[in-house]
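Asker: Same order as they appear, the protein sequences are chains L and U.
Counting from 1, position 234 in the first sequence corresponds to residue 234 in UniProt numbering; the numbering is continuous, with no gaps.
Counting from 1, position 172 in the second sequence corresponds to residue 172 in UniProt numbering; the numbering is continuous, with no gaps.
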Amino acid sequence: MTVETAAGDTPPEPELVQLLTPEGQRVPSEHYDPLIADITGDDVRSMYRDLVLGRRVDSEAVALQRQGELGLWASLLGQEAAQVGSARALRPQDHVFPTYREHAVALCRGVDPVKLLALFRGVDQGSWDAVETHFHLYTIVIGAQTLHATGYAMGIQRDGAIGTGDPDRDAAVIAYFGDGATSQGDVNEAFIWASVTNAPVVFFCQNNQWAISEPLERQTRVPLYRRAAGFGFPGVRVDGNDVLACLAVTREALQRARDGEGPTLVEAFTYRMGAHTTTDDPTRYRLNAELEHWKLKDPIERVKAFMVRGDLADQAFFDGVEEEADELAVHLRAACRALPDPTPTSIFDHVYVEPTPDLVAQRESMTAHLDSFEEEAAR
Amino acid sequence: MAVMSYRQALHDTLRAEMLRDPDVFLMGEEIGRFEGSYKITAGLLDEFGPKRVRDTPIAEEGFTGAAVGAAMLGLRPVVEIMTINFSLLALDQIVNHAAKIYGMFGGQRSVPMVIRTPGGGGQQLAATHSQNVELFYAFTPGLKVVAPSSPADAKALLLASIRDNDPVLFLENLALYNTKGEVPDGDTAGEIGRAAVTREGTDITLVAYSRMAHVALQVAEKLAADEGISAEVVDLRSLRPLDRPTIIESVRKTSCAVVLEDDWLTYGIGAEVAASISDGAFDYLDAPVRRVAMAEVPLPYAKSLEVAALPSANDVVTAVHQTLDAVGRRSVGAH
Numbered sequence: 001m002t003v004e005t006a007a008g009d010t011p012p013e014p015e016l017v018q019l020l021t022p023e024g025q026r027v028p029s030e031h032y033d034p035l036i037a038d039i040t041g042d043d044v045r046s047m048y049r050d051l052v053l054g055r056r057v058d059s060e061a062v063a064l065q066r067q068g069e070l071g072l073w074a075s076l077l078g079q080e081a082a083q084v085g086s087a088r089a090l091r092p093q094d095h096v097f098p099t100y101r102e103h104a105v106a107l108c109r110g111v112d113p114v115k116l117l118a119l120f121r122g123v124d125q126g127s128w129d130a131v132e133t134h135f136h137l138y139t140i141v142i143g144a145q146t147l148h149a150t151g152y153a154m155g156i157q158r159d160g161a162i163g164t165g166d167p168d169r170d171a172a173v174i175a176y177f178g179d180g181a182t183s184q185g186d187v188n189e190a191f192i193w194a195s196v197t198n199a200p201v202v203f204f205c206q207n208n209q210w211a212i213s214e215p216l217e218r219q220t221r222v223p224l225y226r227r228a229a230g231f232g233f234p235g236v237r238v239d240g241n242d243v244l245a246c247l248a249v250t251r252e253a254l255q256r257a258r259d260g261e262g263p264t265l266v267e268a269f270t271y272r273m274g275a276h277t278t279t280d281d282p283t284r285y286r287l288n289a290e291l292e293h294w295k296l297k298d299p300i301e302r303v304k305a306f307m308v309r310g311d312l313a314d315q316a317f318f319d320g321v322e323e324e325a326d327e328l329a330v331h332l333r334a335a336c337r338a339l340p341d342p343t344p345t346s347i348f349d350h351v352y353v354e355p356t357p358d359l360v361a362q363r364e365s366m367t368a369h370l371d372s373f374e375e376e377a378a379r
Numbered sequence: 001m002a003v004m005s006y007r008q009a010l011h012d013t014l015r016a017e018m019l020r021d022p023d024v025f026l027m028g029e030e031i032g033r034f035e036g037s038y039k040i041t042a043g044l045l046d047e048f049g050p051k052r053v054r055d056t057p058i059a060e061e062g063f064t065g066a067a068v069g070a071a072m073l074g075l076r077p078v079v080e081i082m083t084i085n086f087s088l089l090a091l092d093q094i095v096n097h098a099a100k101i102y103g104m105f106g107g108q109r110s111v112p113m114v115i116r117t118p119g120g121g122g123q124q125l126a127a128t129h130s131q132n133v134e135l136f137y138a139f140t141p142g143l144k145v146v147a148p149s150s151p152a153d154a155k156a157l158l159l160a161s162i163r164d165n166d167p168v169l170f171l172e173n174l175a176l177y178n179t180k181g182e183v184p185d186g187d188t189a190g191e192i193g194r195a196a197v198t199r200e201g202t203d204i205t206l207v208a209y210s211r212m213a214h215v216a217l218q219v220a221e222k223l224a225a226d227e228g229i230s231a232e233v234v235d236l237r238s239l240r241p242l243d244r245p246t247i248i249e250s251v252r253k254t255s256c257a258v259v260l261e262d263d264w265l266t267y268g269i270g271a272e273v274a275a276s277i278s279d280g281a282f283d284y285l286d287a288p289v290r291r292v293a294m295a296e297v298p299l300p301y302a303k304s305l306e307v308a309a310l311p312s313a314n315d316v317v318t319a320v321h322q323t324l325d326a327v328g329r330r331s332v333g334a335h
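(1) Whole-angstrom Cβ separation of A175(U) and P298(U), contact assumed at under 8 Å?
(2) Would E61(U) count as contacting chain L if we go by Cβ distances under 8 Å?
(3) For the segment 347-360 of chain L, list every residue whose C-beta sits within 7 Å of some C-beta in chain U, in sequence order.
(4) Give me the Cα-Cα distance between P340(L) and E364(L), rounded to the nearest whole angstrom.
(5) Excluding the 5 residues flanking T202(U) on each side, which residues of the same chain have their C-beta closer than 8 Å to its C-beta?
(6) Would you list, in chain order, the members of the segment 121-151 of chain U that have their beta-carbon closer than 8 Å to a beta-carbon of chain L?
(7) Taking E261(U) as the query, report the chain L residues whose CB atoms sit under 9 Å from its CB, ordered along the chain.
(8) According to DSSP, is T205(U) helix, strand or coil?
(9) Just to confirm the assignment: which complete beta strand (DSSP E) runs, minimum length 3, are found wholly within the segment 166-229 of chain L?
(10) Are three or more beta carbon pairs between the segment 231-249 of chain U and the segment 288-297 of chain U nearer than 8 Å?
(11) Using the C-alpha atoms, what's the distance from G121(U) back to V332(U)?
(12) Counting only runs that start and end within the segment 120-193 of chain U, where is the beta strand (DSSP E) found for 3 or more residues in a row?
(13) What residue range does the beta strand (DSSP E) around S5(U) cover?
(14) Going by CA-CA distance only, name the one from A156(U), H214(U), D235(U), R199(U) that's closest to A189(U).
(15) Show which residues of chain L have a CB atom less than 8 Å away from the CB atom of E296(U).
(16) Taking the straight line between their C-alpha atoms, what separation do you get for residue 392(L) and H148(L)?
(17) Check W294(L) in the structure and name its three-state DSSP category.
(18) Does any CB atom of chain L fall closer than 8 Å to the CB of L26(U)?
(19) DSSP on L260(U), reduced to helix/strand/coil?
(20) Could you tell me whether the Cβ atoms of M18(U) and P77(U) are closer together than 8 Å?
(21) If you follow the alpha helix (DSSP H) that L77(L) is part of, which residue opens it and which one closes it?
(22) Where L90(L) and D43(L) are concerned, what is the direct C-alpha to C-alpha distance, given to the nearest angstrom?
(23) So with Cβ pairs under 8 Å, would you call A181(L) a contact of chain U?
(24) Quick one: list the residues of chain U neighbouring Q145(L), beta-carbon separation under 7 Å, in chain order.
(25) Is F105(U) helix, strand or coil by DSSP?
(26) How about V111(U) and G28(U): are their beta carbons less than 8 Å apart?
(27) Does the count of Cβ pairs from the segment 85-94 of chain U and the segment 48-57 of chain U closer than 8 Å reach three?
(28) Counting only Cβ-Cβ distances shorter than 7 Å, please list the residues of the segment 191-225 of chain L near chain U, keeping chain order.
(29) My guess is that R237(U) and A147(U) are in contact by the Cβ rule of under 8 Å, so how many angstroms apart are they, rounded?
(30) Should T267(L) and N207(L) be called a contact, given that it needs their Cβ atoms to be closer than 8 Å?
(31) Select from the segment 317-345 of chain L all residues with a C-beta closer than 9 Å to any C-beta belonging to chain U, and list them in chain order.
(32) Report the neighbours of E47(U) on chain L: residues whose CB is nearer than 9 Å to its CB, in chain order.
(33) For F97(L), report the span of its beta strand (DSSP E) as first-last.
(34) How about Q255(L): is its C-beta nearer than 8 Å to some C-beta of chain U?
(35) Once you ignore the five residues that flank H331(L) on each side, which residues in its own chain have a CB closer than 7 Å to its CB?
(36) Using the Cα positions of A2(U) and T179(U), report the straight-line distance between them to the nearest angstrom.
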């Protein structure tokens, strides 16, 4: 694949870890096969379901935004395998720090997708329980969550919850971010901190190759995973559209972290099939041929092909998942529209844990102002 | 004289300055191929090429710091920071370097750079993307901060900022880009540090800048039409240096004032204006100086909540009424 750049060049493409070809053929790997040896047909079917449902949540949300039901949506289209594969590598006690695009990771962590819609509808500030789901709230500022993840990981170290060998106790943190974020100071400082403290954190970069309109070449001259070497920890590039490879690579990285061996940078090489967000129109800055090229590498189609080849599922199964996705879509549309509007005075609710006298006065003043309309209407 | 939008005035001025002075160049995220998040740099990459219109990595401190370096050696970088919120990532380069190098290096190197950046809420961009933190920069000696409210001032002050030998933070506003107004031909630069009386009046002074200077004019017209109240509007245009004499002169005439601001009230720009009035027009004041600002909360993302938190024209009318009531001068022709 070539991407036109202002500089007119393209970084060399290194080998990436791939266990499923775009055609759904299983690629054997001496190193990675043992990491997914336990994966059964049921597991593959369940991952397929996550991929399909993740995509459906996304497409419904884009439609709801177009209908004016959401203020904004950041589409994950094309990145389902990177998200599901990495999320399925997590244990319950592992903690996730997402960007605003990790909707399929949220699903895998048991977050009700209606709560994702509520956030983008502006009904609340994110109502899932971040402690219970071990899925942190969405961070909007690019790359900032990598530092929070590193701090959380240092807390796990302090708690002695690494390297005990107890699979229910040892924990790791995964921080999601994109290729654009790797240019931010925050992300580079997170790399440094995680490295020198040997923090149990996996930096999971979904390299979707576009930071709004800026192509990867604007952010880096070397493949991103190689940056890790300069910070003193391993980096690996994985086919981000291959759910099995993402699972295997993330499992390995998380286990290193839980074992006390420190951070890993995973670069999931994928492609942003949609717009940056619903405010963006990518046809203005990138070539359609690129999109067509990546359609052939679709993350869901290749799992389906793999399942068909291996007799892991029949048509009834695929139809069933489709039906479930349709039902989910109907539910999401209705549930989204039924979400109640927030009350104006709720703007004062979460400024301080203990409201200050000034804020109490401002709230009272607004309440009186709002009440005056009701009194007027009652007259 | 042509009628054009605030956006067009900025675009045309950038282009004219790039044509006039080969040392002027642009840097920022998404400004080249994407033509800027708010399309101020539309067409400039095609016209001037990637050497003078530079798309940067997503590294605000990086490109702001690089601009400081370029400016020290004589270039005139105009940096676009996508919104003023992202300037927080470059705070050290702006406050500790751009603002202080001239002094710290004993006057050997000045930093003639411009940081163009929009502030403003009301676009449903949520708390971290809707702030008005120009105060941080207006607070900092060594920096100049201008905040034009009209297309004509946008042109005049951008010309002045690019030609200025000190670092200038040039505050734009998301709500102003599509507003239109007459813009003089030619390339006469404005004067940084000069406020403008944009409407003359006798009953009360409204002091504002940027978007709120617009609101002030609207409110003044409405007060005149509905109630016969004659409000004078002072558009600050520059936050540092602050034109105290113009503010004081107006309040000495009207004897009362309301300050409008889009930021938080406590320690805000309005507090500085009120203190200046207290200093220079204390004996002339018939009522305390009132301030209209946004609710002291992180700006919500929900449209209805955002509206509830932001200062409105109605809030200004209420403040004017309260002020005039306090001096017993509310009704038409009562003085």
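C-beta atoms are modelled at their ideal positions from N, C-alpha and C, and glycine is treated no differently.
These figures come from a predicted structure and were not determined experimentally.
Answerer: Checking against the coordinates, here is how it stands:
(1) Contact flag wrong, Cβ pair sits at about 19 Å.
(2) yes
(3) I347, F348, V351, D358, L359
(4) 23 Å
(5) S230, E232, K253, T254
(6) Q124, A126, T128, H129
(7) Neighbours of E261(U) on chain L: none; closest Cβ ~15 Å, over 9 Å.
(8) strand
(9) Along the length of the segment 166-229 of chain L, whole beta strand (DSSP E) runs at least 3 residues long occupy 173-178, 201-207, reported in chain order.
(10) no
(11) Summary for V332(U): the model assigns pLDDT 49, below 50, so the residue's position carries little reliability; its value from the coordinates is reported in the next sentence. Spanning the two alpha carbons is a distance of roughly 35 Å.
(12) 144-146, 168-173, 180-183
(13) In this chain, the beta strand (DSSP E) harbouring S5(U) covers 2-5.
(14) A156(U)
(15) The answer, in chain order, is V351, D358, L359, Q362.
(16) For chain L, the structure presents residues 1 to 379; residue 392(L) sits outside this window and is missing.
(17) helix
(18) It does not: the Cβ of L26(U) has no partner Cβ on chain L nearer than 8 Å.
(19) Strand.
(20) no
(21) Segment: none, L77(L) is in no alpha helix (DSSP H) and carries neither H nor E.
(22) 14 Å
(23) yes
(24) Under a criterion of Cβ atoms nearer than 7 Å, no residue of chain U is adjacent to Q145(L); the nearest Cβ is some 12 Å distant.
(25) coil
(26) no
(27) Because the criterion of three Cβ pairs below 8 Å is not met, the segment 85-94 of chain U and the segment 48-57 of chain U do not touch.
(28) A211, I212, S213, E214, R218, Q219
(29) 7 Å
(30) What sits at residue 267(L) in the sequence shown is Glu, not Thr. Yes, these two residues count as a Cβ contact at 8 Å.
(31) Only D341, P342, T343, P344, T345 from the segment 317-345 of chain L bring a Cβ to less than 9 Å from some Cβ of chain U.
(32) Within 9 Å Cβ-Cβ: nothing; E47(U) doesn't reach chain L, min ~15 Å.
(33) 95-97
(34) no
(35) Result list for H331(L): empty, nothing under 7 Å.
(36) Rounded to whole angstroms, A2(U) and T179(U) show a C-alpha spacing of 14 Å.
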